[in-house]
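For the sequence shown, the residue numbers in UniProt numbering are 1 to 794. Ideal Cβ positions, reconstructed from N, Cα and C, are used throughout, including at glycine. Inspection log for the structure reproduced underneath, given as structure tokens.
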Amino acid sequence: MKFSEQWLREWVSPALSSEALADQITMAGLEVDGLDSVAAVFTGVVVAEVVAKQQHPDADKLNVCHVDDGSGEPVQVVCGAPNVAVGQKVPFARVGAVLPDDFTIRKAKLRGVESRGMICSASELGLEEETSPGILELPLEAPLGEDFRNWMKLDDSTIEVDLTPNRGDCLSLKGLAREVGVLNRLALSEPETSAQAPMHDDTFPVRVAAPERCPRYVGRVIHNVDVGARTPLWMAERLRRSGVRSIDPVVDITNYVMLELGQPMHAFDLANLHEAIDVRLAREGERLTLLDGQDIALNENTLVIADATRPLAIAGVMGGEYSGVSTATRDVFLEAAFFTPLAVAGQARSYGLHTDSSHRFERGVDPMLARQAIERATSLLLAITGGEPGPLSETASPDHLPSERRVHLRSARIEQCLNLALPGEEVVEILERLGMHVVVDGDAAWQVTVPSWRFDIAIEEDLIEELARIHGYNRLPTRRPAARLGLRADGESRLPQARLRRQMVARGYQEAISYSFVAPELQALLAPGVTAPRLANPISSDMAIMRASLFPGLVKALMHNLNRQQSRVRLFETGLVFRGELDALEQIPMLGGLVCGPRDPEGWAARRDNVDFFDLKGDLESLLAMGANADDWRFEPAEHPALHPGQTARLRYRGEAVGWIGALHPGVRAELGLKTDAFVFEVRLDAVTQGNLPAFTPLSRYPEVRRDLALVVAEGVPVQALLDTLREQAGEWLTDCCLFDVYQGPGVAEGLKSLALGLTWQHPSRTLNDDEINQLVDAIVAESRRRFDAELRG
1 MKFSEQWLRE
11 WVSPALSSEA
21 LADQITMAGL
31 EVDGLDSVAA
41 VFTGVVVAEV
51 VAKQQHPDAD
61 KLNVCHVDDG
71 SGEPVQVVCG
81 APNVAVGQKV
91 PFARVGAVLP
101 DDFTIRKAKL
111 RGVESRGMIC
121 SASELGLEEE
131 TSPGILELPL
141 EAPLGEDFRN
151 WMKLDDSTIE
161 VDLTPNRGDC
171 LSLKGLAREV
181 GVLNRLALSE
191 PETSAQAPMH
201 DDTFPVRVAA
211 PERCPRYVGR
221 VIHNVDVGAR
231 TPLWMAERLR
241 RSGVRSIDPV
251 VDITNYVMLE
261 LGQPMHAFDL
271 ANLHEAIDVR
281 LAREGERLTL
291 LDGQDIALNE
301 NTLVIADATR
311 PLAIAGVMGG
321 EYSGVSTATR
331 DVFLEAAFFT
341 PLAVAGQARS
351 YGLHTDSSHR
361 FERGVDPMLA
371 RQAIERATSL
381 LLAITGGEPG
391 PLSETASPDH
401 LPSERRVHLR
411 SARIEQCLNL
421 ALPGEEVVEI
431 LERLGMHVVV
441 DGDAAWQVTV
451 PSWRFDIAIE
461 EDLIEELARI
471 HGYNRLPTRR
481 PAARLGLRAD
491 GESRLPQARL
501 RRQMVARGYQ
511 EAISYSFVAP
521 ELQALLAPGV
531 TAPRLANPIS
541 SDMAIMRASL
551 FPGLVKALMH
561 NLNRQQSRVR
571 LFETGLVFRG
581 ELDALEQIPM
591 LGGLVCGPRD
601 PEGWAARRDN
611 VDFFDLKGDL
621 ESLLAMGANA
631 DDWRFEPAEH
641 PALHPGQTAR
651 LRYRGEAVGW
661 IGALHPGVRA
671 ELGLKTDAFV
681 FEVRLDAVTQ
691 GNLPAFTPLS
701 RYPEVRRDLA
711 LVVAEGVPVQ
721 ALLDTLREQA
731 GEWLTDCCLF
741 DVYQGPGVAE
751 GLKSLALGLT
761 WQHPSRTLND
771 DEINQLVDAI
781 VAESRRRFDA
791 ELRG
């Protein structure tokens, strides 16, 4: 939320600089994101009046004007604005004035006519981001010759506050002023809001069919409103400094009251309402064209404001185009309601919307605020647009309004949580300054009644947090725990994640950190059949389910990069995946990786071919080898619905399935629109971080013995299975077993392959003889023949 510092200081003005005020607000738990000037720097601009205007003799679109800038003599200036007129008060830059971007005003001749100064538009003064079509018209009461910057109070700052969702009470100037007043022990100077005396008896009937979602609805009919009136400059400026665009006086007033008090409001064109207002759930097949022109189909769980013929607005979100105020409007029905947070939560996002109104109702609006807001808006309407107000009508369901909350607070619990014994007088003072009613309840305890605007206070710890905020987090004492805590054993055989990350970075990867929420469609494509919790109130439709795999986040990051011409992608990620329903949820730490594109970075000596399965497998094996337990890992052929058949392997650690590696399935790539191969892996992190302690093995002084075998086996026999058999039969003195050649071709029958294996033995205390080695080789050949039909190649 943005707000003007000057506007805030009209409510409460502590003796603090802008920076100190922003720091104080931040330390109170309302983080300030920015402190910016409300206008660009300029000098030499004054309030002037256009006293004469005539057509430029040589230019159809230029006018020669004379302005009175208070100096006593009219100044001639050439102006091209279409809206310049005699009698206007305007901002006038004299000769020598410096406008934003160091633009200096000098005497000039335009098409042969002298011009001494410039009549300015809002954009030329840095008051609008978009180029203004005409000059800025000032109120007629603007003081002639007054410095424009001083008169507009442009030496002001916009403070932008990033509120946590529980502090909806601060989504208004009143809420922020209340906080600043509490922090500085200052009373608020709140604008007086008195009840408006009715000038007629007209009301408009209201029915609330869903009182559990709308327990209070307040409305008022106002006749003979002049929608053509101009929004006062002071109001338009306050809206601008709060990030809201001025539209027309009726809409501007409802926005202004929302910013000032925190109560969203809406004004209907009374002529377009039929019979009665009906607050109900949408019906099947109903549609609504919103104020932004978007036509939507309403779902049956959406609370709407309707009349006897059609829906008029999505309750708490946005009004409809049909019943909105227009230039033809003469009578309005002004409404302010309390919608429960659960009634509005998620409704805006379900239609791809996010409005100031829904932002507030989702976090909680004071249920007692509607009448005050209507009265404030009515008084502003009468002052700006005129009109004749009717009596205030209210439809309420007390049984469904939030009940009064009382919280028991103990002094001992305060000291336990804050490590500080706050005096009872200070506890009562702080809570009462926060608007709470405090009654002593026994010895060193209080019964605290929570004000209606504080939805976030329900338990004792909430009150203690308030005491800590207002007393000052930086004033709380620091004390180390008194308990004697045993140190947790740090297993030396466990690899730290930092080492795994460094290894991946060393091999050319970059770490990705993706959301734990993913699109259900993407998850169903990359991790089909795996159950994961759905979010009840997702941030957006493409973040509606908890991830059951790291694949969706990595693939989404790949697509983001490819769409931005980054063809060589190397990413890895560590994080939790979530599997199962909430009552039996597994949260599993995983490590995942993805490669795509050229094997080497671009360069004159680089290889130009793309990565393949074995590039990724080699990178993964380098990680597995860091634990000194590479022999405990196996890659076995398997099938995964999202991975390419024939280029997929299941990872097993000591016999347990712990992950997958493979190429994305062509069908998956086609569904995602990927035109290049991509390879992914995912493995349980606890398996990768398990390792063996390094241990010293004495080097043998005796010679090695090596034998090479060429075994012919069926093409489908996994080499790993053959290697495991060789190690089983080769005895305890085998020091190395490697595959150094695979051959298929002349001399080897079709459907078979020749595997050339090198076996090395070495005894620690003597020289091995040929008979011993021959026995081992015979055992290897016999067992290979029995298990795999293997034959020695002649």
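Are at least three pairs of beta-carbons, each pair with one atom in the segment 41-53 and one in the segment 480-498, less than 8 Å apart?
no
In whole angstroms, give me the CA-to-CA distance for residue 714 and residue 794.
Position 714 of the sequence shown, counted from the start, is the residue given in the question as residue 714. Position 794 of the sequence shown, counted from the start, is the residue given in the question as residue 794. Distance between the alpha carbons of residue 714 and residue 794 is about 16 Å.
Suppose you measure from the CA of residue 678 to the CA of residue 664; what does that come to, to the nearest Å?
Position 678 of the sequence shown, counting from 1, holds the residue named residue 678. Position 664 of the sequence shown, counting from 1, holds the residue named residue 664. So the alpha carbons of these two residues sit roughly 6 Å apart.
Beta-carbon proximity of residue 312 to residue 213, cut-off 8 Å:
For the purposes of this step, residue 312 is identified with residue 312 of the sequence shown, where counting begins at 1. For the purposes of this step, residue 213 is identified with residue 213 of the sequence shown, where counting begins at 1. Contact annotation: residue 312 and residue 213 have beta-carbon atoms that are not nearer than 8 Å.
Among 92, 289, 169, the one whose alpha carbon lies nearest that of residue 369
Mapped onto the sequence shown, residue 369 falls at position 369. For the residues 92, 289, 169, the minimum Cα distance to residue 369 belongs to 169.
Quick one: Cα of residue 763 to Cα of residue 752, how far?
One-based indexing of the sequence shown puts residue 763 at position 763. One-based indexing of the sequence shown puts residue 752 at position 752. The straight-line gap from Cα to Cα measures roughly 35 Å.
Taking Cβ positions, are residue 439 and residue 432 nearer each other than 8 Å?
Position 439 of the sequence shown, counting from 1, holds the residue named residue 439. Position 432 of the sequence shown, counting from 1, holds the residue named residue 432. Inclusion of residue 439 and residue 432 in the CB contact set at 8 Å is not warranted, their separation being larger than that value.
Backbone CA spacing between residue 773 and residue 739 [nearest angstrom]
Along the sequence shown, read from residue 1 onward, the residue named residue 773 stands at position 773. Along the sequence shown, read from residue 1 onward, the residue named residue 739 stands at position 739. The straight-line gap from Cα to Cα measures roughly 19 Å.
If you follow the alpha helix (DSSP H) that residue 658 is in, where does it begin and where does it stop?
To locate residue 658, count along the sequence shown from 1; it is residue 658. For residue 658, no alpha helix (DSSP H) run applies; the uninterrupted beta strand (DSSP E) run containing it begins and ends at 656-664, by DSSP.
How big is the Cα-Cα spacing for residue 36 and residue 159?
Indexing the sequence shown from 1 puts residue 36 at position 36. Indexing the sequence shown from 1 puts residue 159 at position 159. The straight-line gap from Cα to Cα measures roughly 7 Å.
Does DSSP put residue 118 in a helix, a strand or coil?
Working through the sequence shown from its first residue, we reach residue 118 at position 118. In the structure shown, residue 118 falls within a strand segment according to DSSP collapsed to helix, strand and coil.
Any idea if residue 549 is buried or exposed, counting beta-carbon neighbours within 10 angstroms, 16 or more meaning buried?
Locating residue 549 in the sequence shown gives position 549, counting from the first residue. Classification of residue 549: buried, given that the 10 Å Cβ count is 16 or more.
Is there a C-beta anywhere in chain B that falls below 8 Å from the one on residue 659?
Reference to chain B is not applicable here, since this structure consists of a single protein chain.
Can you find at least 3 beta carbon pairs, one from the segment 118-125 and one from the segment 76-86, that sit closer than 8 Å?
yes
Here's the rule I'm using: 16 or more other beta-carbon atoms within 10 Å means buried, otherwise exposed. How should residue 640 be labelled?
Residue 640 sits at position 640 when you count from the first residue of the sequence shown. Answer is buried; the Cβ neighbour count reaches 16.
Figure out for me which residue from 223, 653, 705, 90 has the closest Cα to the Cα of residue 330.
Taking the first residue of the sequence shown as 1, we reach residue 330 at position 330. Of the listed residues, the one whose Cα sits closest to residue 330 is 223.
When 161, 134, 125 are compared against residue 149, the one with the closest alpha-carbon:
Within the sequence shown, the letter at position 149 stands for residue 149. Minimum Cα distance to residue 149 is reached at 125.
Using DSSP with H/G/I as helix, E/B as strand and the rest coil, what is residue 200?
On the sequence shown, position 200 is the one that residue 200 refers to. Residue state, collapsed to three classes: coil.
Report the start-end ranges of each beta strand (DSSP E) in the segment 366-415 that is 3 residues or longer and not cut off at the edges.
Entirely contained in the segment 366-415, the beta strand (DSSP E) runs reaching 3 residues are, in chain order, 393-396, 405-410.
Nearest-angstrom Cα separation, counted from residue 267 out to residue 166:
Position 166 of the sequence shown, counting from 1, holds the residue named residue 166. Position 267 of the sequence shown, counting from 1, holds the residue named residue 267. Computed Cα separation, rounded: 28 Å.
For the alpha helix (DSSP H) containing residue 36, list its first residue and its last residue.
The residue labelled residue 36 in the question sits at position 36 within the sequence shown. First-last for residue 36: 31-37, but that is the beta strand (DSSP E), not the alpha helix (DSSP H).
Output needed for residue 40: all residues of its chain with C-beta closer than 6 Å, excluding positions within five of it in sequence on either side, in chain order.
Locating residue 40 in the sequence shown gives position 40, where the first residue counts as 1. Answer for residue 40: 100, 126, listed in chain order.
Residue(s) in a DSSP beta bridge with residue 332:
Along the sequence shown, one-based indexing puts residue 332 at 332. Looking at the DSSP assignment, residue 332 forms a beta bridge with 222, 269.
In terms of DSSP beta bridges, what is residue 653 paired with?
Your numbering for residue 653 matches position 653 in the sequence shown. DSSP, once it has assigned bridges, lists 633, 656 as partnering residue 653.
I need the boundaries of the alpha helix (DSSP H) containing residue 344, first residue and last residue.
On the sequence shown, position 344 is the one that residue 344 refers to. That run of the alpha helix (DSSP H) goes 341-344.
If you draw a straight line from the alpha carbon of residue 194 to that of residue 103, how long is it in whole angstroms?
Counting from 1 along the sequence shown, the entry for residue 194 is found at position 194. Counting from 1 along the sequence shown, the entry for residue 103 is found at position 103. For residue 194 and residue 103, the distance between alpha carbons rounds to 48 Å.
Test item: CB-CB of residue 768 and residue 688 under 8 Å
Residue numbering aside, residue 768 sits at position 768 when the sequence shown is read from its first letter. Residue numbering aside, residue 688 sits at position 688 when the sequence shown is read from its first letter. No, the pair does not count as a contact, with Cβ atoms beyond the cut-off.
Could you have a look at residue 313 and say whether DSSP puts it in helix, strand or coil?
Within the sequence shown, the letter at position 313 stands for residue 313. DSSP places residue 313 in strand when its eight states are reduced to three.
Hey, residue 12 and residue 146: beta-carbon distance below 8 Å or not?
In the sequence shown, counting from the first residue as 1, residue 12 sits at position 12. In the sequence shown, counting from the first residue as 1, residue 146 sits at position 146. Not in contact: residue 12 and residue 146 (Cβ atoms no closer than 8 Å).
Helix, strand or coil for residue 738, going by three-state DSSP, please let me know.
For this step, residue 738 is matched to residue 738 along the sequence shown. Three-state result, residue 738: strand.
Taking the beta strand (DSSP E) that residue 679 falls in, what are its first and last residues?
On the sequence shown, position 679 is the one that residue 679 refers to. For residue 679, the enclosing beta strand (DSSP E) covers residues 678-684.
Helix, strand or coil for residue 612? Go by DSSP, reduced to three states.
By 1-based counting over the sequence shown, the position of residue 612 is 612. Reduced to three states, the DSSP call for residue 612 is coil.
Residue 136 and residue 122 closer than 8 Å at C-beta
Walking along the sequence shown from the start, residue 136 turns up at place 136. Walking along the sequence shown from the start, residue 122 turns up at place 122. Yes, the Cβ-Cβ distance between residue 136 and residue 122 is below 8 Å.
Verify whether the separation of the beta carbon atoms of residue 264 and residue 400 is less than 8 Å.
Within the sequence shown, the letter at position 264 stands for residue 264. Within the sequence shown, the letter at position 400 stands for residue 400. Not closer than 8 Å, so no.
What does a CB cutoff of less than 7 Å around residue 395 pick up in its chain, not counting 5 residues either side in sequence?
Reading the sequence shown from its first residue, position 395 is the one you call residue 395. If we look at residue 395 and ignore the five residues flanking it on each side, its Cβ neighbours are 206, 208, 217.
Under DSSP, the alpha helix (DSSP H) around residue 274 begins and ends at which residues?
Residue numbering aside, residue 274 sits at position 274 when the sequence shown is read from its first letter. Premise fails: residue 274 is in no alpha helix (DSSP H) and is neither H nor E.
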